[in-house]
Amino acid sequence: MHRPRSRRALLTSAAATVAVATGGFEYASNATDTPPLESGTVSPDWYECSSVTRPEPTAPADDDALAPEPYPAPPSAIGPAAAHNRTTGSTSMVDRTVAYVTEFERAYRRNAFLAQYGVTTRTFELRRTDYRTRTLGSSPDPNAIMVAILYDLRMGTRQSATGPRDQWDVHTVYYVDEHVVLRALYNGVADELQFEPDPRTQGDLVACFD
1 MHRPRSRRAL LTSAAATVAV ATGGFEYASN ATDTPPLESG TVSPDWYECS SVTRPEPTAP
61 ADDDALAPEP YPAPPSAIGP AAAHNRTTGS TSMVDRTVAY VTEFERAYRR NAFLAQYGVT
121 TRTFELRRTD YRTRTLGSSP DPNAIMVAIL YDLRMGTRQS ATGPRDQWDV HTVYYVDEHV
181 VLRALYNGVA DELQFEPDPR TQGDLVACFD
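Structure, rendered in structure tokens:
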């Protein structure tokens, strides 16, 4: 994959087209309008598991077509339950959550693309290029973990005459605790990887654990 010289110029023009295969909402940076949560974590009473929203395309009948990607199992315990497993420190817990978020985002974007283009989908690749984490709560057993990831996409369909389309530096932020997973997609060009939009107040509920 060869990058053009001006990444900022490319992203500015591509920002309006990112929603084509996201299946979710995008938010422009507006952090000053959102007061911080007192505890930093989301109350379990805020969400119902029946409200989970994420792309769930049906499997294609064509064996040669790209199949939907199953969403990954949640990472091992985050929050008070982690205290029962002291052999696992917070660092490895963060690493597992980063891996989980990356695989979840890959499944989310692939499934959204498949939901839109179905059996005509030919190419889908997601490559993470950077990430940043923030733990919420006491150490070494954080109550929640926020993960901001940056990645490149390559997507294409059989109907495309110009070949796969590339998107660079897509920026998504996740909040993960023992109850829910919240996702927010950044709309615009960021100078650095940030935790905005804040998925706790501007995100979609994409997974829920009873």
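Mapped onto full-length UniProt numbering, the consecutive letters of the sequence shown carry residue numbers 1 to 210.
In this text, a Cβ means the ideal position worked out from N, Cα and C, and glycines have one as well.
Quantities reported herein were computed from a predicted structural model and do not represent experimental measurements.
*Look up THR202 in the DSSP assignment and say whether it is helix, strand or coil.*
First, the amino acid is wrong: residue 202 is Gln here, not Thr. Three-state DSSP puts GLN202 in a helix.
*Can you give me the start and stop residues for the beta strand (DSSP E) that TYR174 sits inside?*
165-177
_Opening and closing residue of the beta strand (DSSP E) in which THR120 lies_ = Taken as a continuous stretch (DSSP letters only), THR120 belongs to no beta strand (DSSP E), as it is neither H nor E.
_Quick check: what's the CA-CA separation for ILE78 versus PRO142?_
7 angstroms
_Just to confirm my understanding: we take GLY118, look at its own chain, exclude 5 residues before and 5 after, and list those with CB closer than 7 angstroms. What are they?_
Once the five neighbours on either side are set aside, the close Cβ partners of GLY118 are PRO60.
*CB-CB under 6 angstroms to THR120, same chain, minus the five flanking residues each way: which ones, in chain order?*
THR157, ARG158 and GLN159
*Skipping 5 residues on each side, what residues in its chain have a beta carbon closer than 7 angstroms to that of PHE124?*
LEU66, ARG110, PHE113 and MET155
*LEU193 and ALA148: beta carbons closer than 8 angstroms?*
yes
*If you draw a straight line from the C-alpha of THR41 to the C-alpha of TYR174, how long is it?*
13 angstroms
*How about ARG96 and PRO75: are their beta carbons less than 8 angstroms apart?*
yes
*Leaving out five residues on either side along the sequence, give the residues of the same chain with a beta carbon under 6 angstroms from the beta carbon of ALA107.*
GLU69 and TYR71
*asked:* Beta-carbon within less than 6 angstroms of VAL181's beta-carbon, same chain only, minus the 5 sequence neighbours each way: which residues are those?
replied: VAL206 and ALA207
_Considering just the uninterrupted stretch of the beta strand (DSSP E) at GLY156, what are its terminal residues?_
Start and end: 144-157.
_Start and end residues, beta strand (DSSP E) containing ALA184_ = 180-186
*So LEU150 packs on TYR131, CB below 8 angstroms; how close in whole Å?*
7 angstroms
*CA-CA distance, THR135 and PRO197?*
17 angstroms
*Looking at the structure shown, is LEU114 part of a helix, part of a strand, or coil, going by DSSP?*
helix
*Leaving out the 5 sequence neighbours to the left and right, which residues in its chain are closer than 6 angstroms to ALA115 when beta-carbon positions are compared?*
If we look at ALA115 and ignore the five residues flanking it on each side, its Cβ neighbours are PRO55 and PRO57.
*asked:* With the cut-off set at 8 angstroms, would you say THR172 and ARG183 are in Cβ contact?
replied: yes
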